[in-house]
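Peer 1: One structure, pasted below without further comment.
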Amino acid sequence: MKTYYITTPIYYVNDVPHIGHAYTTIAADVAARFKRLAGHDVFFLTGTDEHGIKNLRVAEEQGVSPQAWVDRIAEEFRRLWEFLHISNDDFIRTSEPRHKKVAAAIFQRLYDQGDIYLGTYEGWYCTACETFYTENELGPDRTCPVHTGRTVEWLAEESYLFRLSKYGDWLLDHIQTNPSAVAPDGPKNEVVAFVRSGLKDIAVSRSTFAWGVPVPFDARHVIYVWIDALTNYITAAGYLDDPEKFRRYWPADVHLVGREIVRFHAVIWPIVLHAAGIAVPKQTFAHGWLTFGGQRFSKSLGIVIDPAALSREIAQESGAEVGVAVDALRYFLLREIPFGSDGDFNKPALVHRFNADLANDYGNLLNRTLALVNRYFRGQVPARGPEEGGDAALREVALSAAGTVEEFIDRLDFRGALEAIWQILGAANKYLDGEAPWRSLREGKPERAGAILYNTLEAFRIATILLSPWLVTATTRAWEQLGIPAPLAAQRLPDASRWGGLPAGTRVRPGTPIFPRIEQPAVASRGSKTS
Ligand code: MSP
């Protein structure tokens, strides 16, 4: 069985999760669910990055111990992921003993072989990024290049350094021979240019605070938070504790990250692994940045969107169950913004997608078809009948579109995948309108009407299986209404690649609309900005 190991960044616990974190995690979840559907043995990892000055300072501000603070916020992340139907197989916290052991072992190994040495590090440090910058990387007035307006601090301290400089040529060669090691092209070119400009050795320990993994051979130092954090990906895969698991899942297929942390993942991490004699991940994929009104989410500016509150709001405005509203958010984020590009979050655009795509194209197709089956066929799926009219065209569109979805997912092109599924729904809606089973009924051709309803439902069944990674609750409800006895969770990709899988005679169970329309004047405007 093919394996698929996908990760999200492990998030800092300096603050509660927001929609930006949810964006990455939902994307990873959809890929993980799709790969399970495609029959892969999937390992999907997320977690929290709990050490370092950034987390420590917040705990101090809150007047609690760092451990008490990180326990609290890690729990918030866990709870949100459950609420958002995130199907992670593990949740790693860097304060766990299993992880500290691995971080220390990697550090020790690099030290033993001479790749880590004691020196002094001086530079401009941004605590928000937990990273050093050179003078010419800084913004105006010595501010952080990532966190606009935030002043950096000059740090000079005794520190262990890692010989990054030794491995630049190896990395360039690696990226050249593995063209998909970094994707998409923008971040990849940025990484290549950065490496070409010459890598400097980096500080990999801190000695002015103690909230971290102690350097195993020098208790005055803790391991630099980024080295600590990156090793989470091998800890959870079983690096020290479970060699069999590690062989199975490592190297990871994809590290999904926001593009501001691509250098850590695509430069430092592969070099650390290569130096330590461990295989490097197959791909780092850097997606774009989600903004609100063109601005970064920022608690101090009052720009925060809580995905749970937003989902509840959508549920209330539509009358849909909360799980369905969560699905709508999952769908919207990956449908509206091409993955890899930046995009602005915009509620009217979400409402528009809810009504047009989910309520109308998807939900209403089911409602109107099942209503006819109920009324004219005693609630039982009619026989398929011989192909005529637009039948073959619908079948061909559905099967050929279905056949492309996995390739889109392999490229993390979620929008492309959804557009392919929408070709099926678009064709089915058009088919139903054009073939007009009500006309066949009037003309005294109930078999033909039955065949049209069969074909429509068959296209709907295929779309439902394919949509299940995005719309976790809604597709389960749709499946219940279709009445197919085998559970949706037991369906695999081949079930969506054959025509005729819906058993004639199935007793359908029409219910209330899964996506009731959101009635509000704002739906007319559609100002979502994508770039
Ligand atoms: N702890 C580090 C990652 C260590 S991974 C070994 C970190 N944490 S973070 O809490 O700042 O999370 C950053 C990540 O959260 C981004 O890379 C991205 O995946 C996600 N996002 C946070 N805000 C986001 C947006 N506004 N837009 C898109 N993604 C966002 O960096």
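Residue numbering for the sequence shown follows the working numbering, starting at 1142 and increasing by one per position.
Where is the CB? At the ideal position from N, CA and C, for every residue including glycine.
The structure presented is a predicted model; accordingly, all values stated were derived computationally and were not measured.
Threshold first: 4 residues or longer. Then list the alpha helix (DSSP H) segments lying entirely within the stretch 1468-1510, N to C.
Peer 2: List check, alpha helix (DSSP H) in window: 1488-1494.
Peer 1: Can you name, in chain order, every residue of its own chain whose Cβ lies under 8 Å from the Cβ of Asp1256, other than the five neighbours on each side?
Peer 2: Taken in chain order, the residues that qualify are Phe1303, Arg1304, Lys1307 and Ala1416.
Peer 1: What ranges does the alpha helix (DSSP H) occupy inside the stretch 1552-1630, keeping only unbroken runs of at least 4 residues that lie completely in it?
Peer 2: Complete alpha helix (DSSP H) runs here, min 4: 1555-1576, 1578-1583, 1587-1608 and 1613-1623.
Peer 1: Examine the ligand MSP and report whether any of its heavy atoms sits within less than 6 Å of the Cβ of Val1398.
Peer 2: True, at least one ligand heavy atom lies under 6 Å from that Cβ.
Peer 1: Report the rounded CA-to-CA distance for Gly1557 versus Ala1163, giving the unit in angstroms.
Peer 2: Near 20 Å, if we compare the C-alpha coordinates of Ala1163 and Gly1557.
Peer 1: Which residues does DSSP list as the beta-bridge partners of Gly1280?
Peer 2: Paired residue(s): Thr1284.
Peer 1: At what residues does the alpha helix (DSSP H) containing Trp1367 begin and finish?
Peer 2: Its alpha helix (DSSP H) spans residues Val1366 to Leu1371.
Peer 1: Check whether the Cβ of His1226 lies closer than 6 Å to any heavy atom of the ligand MSP, and answer yes or no.
Peer 2: Checking every heavy atom of the ligand MSP against the Cβ of His1226, none is found closer than 6 Å.
Peer 1: Hey, would you say Arg1347 sits closer than 7 Å to Val1333, going by beta carbons?
Peer 2: Cβ distance not < 7 Å, so Arg1347 and Val1333 don't count as in contact.
Peer 1: Output needed for Val1664: all residues of its chain with C-beta closer than 8 Å, excluding positions within five of it in sequence on either side, in chain order.
Peer 2: At Val1664, the pLDDT of 44 sits below 50, so the modelled position is not reliable; the number obtained from the coordinates is stated separately. Here the set comprises Pro1489, Val1492, His1493 and Asn1496.
Peer 1: Could you tell me the alpha carbon to alpha carbon distance between Ala1637 and Val1395, rounded to whole angstroms?
Peer 2: The alpha-carbon atoms of Ala1637 and Val1395 are separated by roughly 25 Å.
Peer 1: Who are the near neighbours of Gly1668 in its chain, counting only those whose CB is closer than 8 Å to its CB and skipping five residues on each side?
Peer 2: In this predicted model, Gly1668 has a pLDDT of only 42, less than 50, meaning its place in the structure is not dependable; the value taken from the coordinates is given anyway. Closer than 8 Å at Cβ, skipping near neighbours: Asn1487, Pro1489 and Ala1490.
Peer 1: CB of Tyr1365 to nearest heavy atom of the ligand MSP: below 6 Å?
Peer 2: Every heavy atom of the ligand MSP is 6 Å or more from the Cβ of Tyr1365, so no.
Peer 1: Pop quiz: Thr1289 and Gly1280 are said to be a contact at Cβ under 8 Å. What is the actual Cβ separation, rounded to whole angstroms?
Peer 2: Indeed they touch by this definition, with Cβ atoms about 7 Å apart.
Peer 1: Between Gly1481, Arg1388, Pro1479 and Ser1541, which lies nearest to Ala1568 when the distance is taken from Cα to Cα?
Peer 2: Of the listed residues, the one whose Cα sits closest to Ala1568 is Ser1541.
Peer 1: Whole angstroms are fine: how far does the CA of Ile1375 sit from the CA of Thr1425?
Peer 2: Their backbone Cα atoms lie some 15 Å apart in a straight line.
Peer 1: Secondary structure at Tyr1517, three-state DSSP: helix, strand or coil?
Peer 2: Correct three-state label for Tyr1517: helix.
Peer 1: Among Val1183, Lys1195 and Phe1549, whose alpha-carbon lies nearest the alpha-carbon of Phe1350?
Peer 2: Nearest option by C-alpha distance: Lys1195.
Peer 1: If you reduce the DSSP assignment to three classes, tell me which class Gly1260 lands in.
Peer 2: It is a strand residue.
Peer 1: Is Trp1352 near Leu1197, with beta carbons less than 7 Å apart?
Peer 2: Yes, these two residues count as a Cβ contact at 7 Å.
Peer 1: In its own chain, which residues sit with a C-beta less than 8 Å from the C-beta of His1319, not counting the 5 before and 5 after it?
Peer 2: The amino acid at residue 1319 is misidentified as His; the sequence shows Asn. Hits under 8 Å: Lys1423.
Peer 1: What number of angstroms, rounded off, separates the C-alpha of Gln1457 from the C-alpha of Asp1359?
Peer 2: Looking at the two C-alpha atoms, the distance is approximately 56 Å.
Peer 1: Which partner residues does Gln1436 have in the DSSP bridge list?
Peer 2: According to DSSP, which records beta bridges pairwise, Gln1436 is partnered with Phe1433.
Peer 1: Which full runs of the alpha helix (DSSP H) of 4+ residues lie inside the stretch 1305-1336, going along the chain?
Peer 2: Qualifying alpha helix (DSSP H) stretches, in chain order: 1309-1318.
Peer 1: Write down the C-beta distance between Asn1515 and Val1649 rounded to the nearest angstrom, noting that I regard them as a contact closer than 8 Å.
Peer 2: At roughly 7 Å, the Cβ-Cβ gap stays under 8 Å, so Asn1515 and Val1649 are in contact.
Peer 1: Just checking my contact of Gly1520 with Ala1592 at CB under 8 Å: how many whole Å lie between their CB atoms?
Peer 2: The Cβ separation is near 17 Å, so there is no contact.
Peer 1: Might you give, ordered along the chain, the residues of its own chain that have their beta carbon closer than 8 Å to the beta carbon of Thr1432, omitting 5 neighbours on each side?
Peer 2: Around Thr1432: Phe1438, Asp1483, Gly1484, Asp1485 and Phe1486.
Peer 1: Since Arg1648 sits in a beta bridge, which residues does DSSP pair it with?
Peer 2: According to DSSP, which records beta bridges pairwise, Arg1648 is partnered with Gln1521.
Peer 1: Have a look at Val1522, Ala1466 and Asp1554 and flag the residue whose alpha-carbon is nearest the alpha-carbon of Leu1397.
Peer 2: The shortest Cα separation from Leu1397 among Val1522, Ala1466 and Asp1554 belongs to Asp1554.
Peer 1: Among Ser1321, Lys1143, Gln1661 and Glu1278, which residue has its Cα nearest to the Cα of Ser1338?
Peer 2: The shortest Cα separation from Ser1338 among Ser1321, Lys1143, Gln1661 and Glu1278 belongs to Glu1278.
Peer 1: Please identify the residue among Leu1634, Val1465, Pro1587 and Asn1330 whose C-alpha is closest to the C-alpha of Val1522.
Peer 2: The shortest Cα separation from Val1522 among Leu1634, Val1465, Pro1587 and Asn1330 belongs to Pro1587.
Peer 1: Do the stretch 1629-1647 and the stretch 1174-1181 meet, that is, are 3 or more Cβ pairs less than 8 Å apart?
Peer 2: Yes: at least three Cβ pairs fall under 8 Å.
Peer 1: Considering only the beta carbon of each residue, do Ala1500 and Ala1539 sit closer than 7 Å?
Peer 2: It is not a contact, given that the beta carbons lie outside the stated cut-off.
Peer 1: Would you check if the distance between the CB atom of Phe1218 and the CB atom of Thr1261 is smaller than 7 Å?
Peer 2: No.
Peer 1: Indicate whether Leu1608 and Ile1562 have their beta-carbon atoms separated by less than 7 Å.
Peer 2: Yes, the Cβ-Cβ distance between Leu1608 and Ile1562 is below 7 Å.
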